[in-house]
Structure formats: C-alpha cells, structure tokens
Amino acid sequence: MLGHDPQVDLPFVPSRVEKRVRHILQGLDFKWSYPEHPGRLTAIKNYLDQHPVPGVQLKSGSPATYNQLARVHTTSYLDHFLSLFGKSAWVDSDTTAVSPNSVNAALAAAGNAIAAVESVVNGDCQSAFALVRPPGHHAEPVRARGFCLLNNVAVAAAHAQAKLGCKRVLIVDWDAHHGNGTQDIFWADPDVLFFDTHCAAPFYPGSGDLEEVGAGFGEGYTINVPLPESAGDVAFEKVYREILVPAAAYFKPDLILVSAGFDPHRNDMALNLTYDGFRVITRIIQEIADQHCAGRLALVLEGGYNLSSLAQGVHAVLEVLAGGETPKLLEAGVREADEAAEFHRSAFSDDE
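Those letters in the sequence shown? Residues 1 to 352, by the UniProt record's numbering.
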C-alpha cells in the first residue's frame, strides 16, 4: 500500500481530466503536492512500534478480487481502473490520481478491509482495525474521487453480507469529510444503516445534508449529522449517544464497520476533536457492538493528514479496542482551566 504515490511533477497519461487538473494546479500560488502520501501509514506503523498496545497483533490480508469489488463498483469502472496498472494518470478533476503501483495498493487496501471483517466474524479477534491506503469512502460506484480509488468499507460490508452471513451492517463514518461514495452505494439498501458525522457543507465534498436519508426501500437508513467546524468532543459524544445508540438499537446490526478518519482532530482539518474524543466515540461504538452483534467491530482507515495526530489518534483508538479506559469529556479548555485554578488557588488563601 506504500506503492501508491502520485508525484505531480511526473508525466501523466494525457486526457481531458489531465488538462483540467493542470489548469487548476497552475492557478495556485504555491507548490502543490499530493496530500494522501505513503508517509501516513509509515507514521502510524512507526508510532505503534515505539508505543505498542498490549493485546494488539499485526496481520495482513490478500488483495481483493474482481468479483469482490464488483459487488459495489460497476464493471465498466473496474475495467478502466485496472487498465491503469503501471501508469500515472489523473482519474478525477478534484486532483485524484494514480501512480504506477496504485492499482496494487488499492487492491491490497480493499483486501485488508475484507480480512479485518473476516477476522472479527470468524472469531479470530474481538475487533480489528484495517490500516489501509488509499482511503475509500469518497469512491462512488462509477468513479474515483477525493483521493479514494476503491470504496474499502463498502467492499468489506458487501463481502460480509454475501459470504459471512451478516444480513444487517451498520457503517459509522467519523471522518471530517462526508462519505459520499459509501452513501451512494447503499442509498436504497435497507440492510445497511449508514451513519455519518462530518463537517457541514460547503466543506468537501459538499454533500451529507441532514435531509439526505436514503430513498426507496432504503429511506431512513442513511443518517447524516453535519456539524460546525468547531464542534468538539462534547458535541460528538452527544451525537453518538443520542442519535447513533437508539438508531443502532432499532436496526440491530449483525456487524459494525467504521470509516475511521483522523482529520477531525483539532490539529488537522476540522471538527476540533481531541484524542479523548476519539476514545469516547470508540467506546460508544464498542458498547453498541457488544450489545447487538457479539462485539463484531472492524474499523477501516480513511483520512488524516497531520502525521502526529493521525498516528496518535490511531493509537488512542487501539487502546480502547484493547480494553483501555475512557475519560470523562469536558468542553475544550475546561480541564486545563481546572488545573490552573488548583495550582494558583493557594496564593489567594491564608490556609497553609
């Protein structure tokens, strides 16, 4: 998965998309580099090596097959995508690209998402986290988008339904960006409940309004919670306890998947979460899994571009999955204010 590494300065397959992207990049007043780079996985792996979490084991899965991908992507898209093996090409005008090894990387990412689901359904582990790239939740049935080539979490969900006996799948997406591709794939499917918290439009990709609830047989099985950029830990805890918990109780999933992006961290894109915020929402989801589906819970990495908060955020989530404690959440700055008050209080008292 480290082989996916588009370099903007190298020649790309000429196309209308290539011309459009070049026009966009030429209009920038700074040098642009591809944000979704191999260093994201390397940073996570290095941090886990330096700070191992007791009980966590690292394993790898096989690449996804054509038939596994075709459950959620059209064959016309897959045929075109696979034809890009060994090439550099822009695949969407929002600056999504492939490099010569990107096809193999994307197949490995989707395959490891499947492996994570198989491990929890087969009882090999209590929960699993697929540390994969390129990410997937923006990839639609017919196109790549938002640095996403194949929709990893959707591929894993469809595999669980087709091969592992999981009729109802709950997908939670806490990435800062709305999971438009996952929503599109399961828009009319009553057997997949899609729950997405994200920074409200016009934040990319601009979808995920409150009123987007699915259609046809799937009406009501899409739940979008757009939040302001400054939302923070307490708002997230409220949303997950007051909306996700009762929705899951109604749906009664056989499996829970999480599109786990770490760009909601306060050092990254938006939404102002801390590591404790990630810990708490992880525990809430873990409790839902324990109550409704024998703990079957698998997470799949999505975004996160600040390497420090990405690595430490993944570590915090793994600690909770492995049985670690979760803190009580406070409004931003309150804990620090309490600590400062305790430190200074004696200066204003005659007590020894």
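Glycine included, every Cβ here is placed at the ideal spot set by N, Cα and C.
Residue range of the unbroken beta strand (DSSP E) whose run includes P226
222 to 227
By how many angstroms is the C-alpha of V132 removed from the C-alpha of G111?
9 angstroms
Less than 7 angstroms between C-beta atoms, sequence neighbours within five positions excluded: which residues of the same chain meet that for G216?
A188
Could you work out which residue in N46, Y66, L299 is closest to I281 when comparing CA atoms only?
L299
Near H37, which residues of its chain fall below 7 angstroms by C-beta distance, leaving aside the five closest residues on each side in sequence?
D5
Three-state secondary structure (DSSP) at T182?
helix
In the structure shown, what three-state DSSP assignment does V98 receive?
strand
Using only the alpha-carbon positions, how far apart do N67 and L329 sit?
44 angstroms
Counting only the same chain and skipping the five closest in sequence on each side, list residues whose C-beta sits under 8 angstroms from that of E237.
G277, V280, I281, I284, L329
Could you give the first and the last residue of the continuous beta strand (DSSP E) run that contains F129?
127 to 130
State the Cα-Cα distance for the pair M269 and D350, rounded to the nearest angstrom.
47 angstroms
Under 7 angstroms, do V98 and N151 count as touching if we go by C-beta distance?
no
By Cβ distance below 7 angstroms, which residues in the same chain neighbour R143 in space, the five residues on each side in sequence not counted?
Y77, D92
Check whether the segment 179 to 197 touches the segment 99 to 108, taking contact to mean three or more Cβ pairs, one atom from each stretch, closer than 8 angstroms.
no
Using beta-carbon positions only, say whether D263 and A176 come within less than 7 angstroms of one another.
yes
Taking only three categories from DSSP, how would you classify L297?
strand
Identify the residues that DSSP records as bridge partners of D196: which are they?
D173, N224
Below 8 angstroms, how does it come out for the segment 35 to 51 and the segment 113 to 129: are there three or more Cβ pairs, yes or no?
no
Please state whether DSSP places S83 in a helix, a strand or coil.
coil
Rounded to the nearest angstrom, how far is the Cβ of V121 from that of L318, given a contact under 8 angstroms?
About 20 angstroms; that fails the 8 angstroms criterion.
Through-space distance from E331 to E342, alpha-carbon basis:
18 angstroms
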